[in-house]
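Since the structure comes first, as C-alpha cells, the remarks are kept for the end.
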C-alpha cells in the first residue's frame with residue numbers, strides 16, 4: 027500500500043554566477059599575493075596617515091570580498107526554488 031508521487035525535478039545547470047564569483051575572488055586574491063611578492067615597500071606604508079599598515083587593510087579587503095561574494099551567491103541561489 028505504497029503511494030508513489032511523481033514529482034518532476036528539473037536540475038538547474040546554471041553555474042555562471044558561481045564561476046563568475048570564483049573568478050573575481052581568485053583575481054582579488056592573486057593580485058594581493060602579487061603585491062606581497064613584488065611590491066613589499068608599498069605594503070609597509072601606513073594607510074591614510076593611521077598606524078594601520080596597507081597590507082592589513084588589503085588583507086581585510088580580500089577577506090571581506092570573499093564574504094560579500096559568498097553572500098551574493100547564496101542570495102542568488104536561494105531565489106530559485108526547487109520543486
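In my numbering, the protein residues as written are 27 to 109.
Just so you know, even glycine gets a beta-carbon here, dropped at the ideal spot from N, CA and C.
Note that the coordinates shown come from a computational prediction; the quantities given were computed from them, not determined experimentally.
{"Asked": "Extent of the continuous alpha helix (DSSP H) run through residue 104", "Found": "80-105"}
{"Asked": "Between the CA atoms of residue 63 and residue 103 - distance to the nearest angstrom", "Found": "36 angstroms"}
{"Asked": "Bounding residues of the alpha helix (DSSP H) (the contiguous stretch that carries residue 71)", "Found": "Premise fails: residue 71 is in no alpha helix (DSSP H) and is neither H nor E."}
{"Asked": "Where residue 75 sits in the DSSP three-state scheme", "Found": "coil"}
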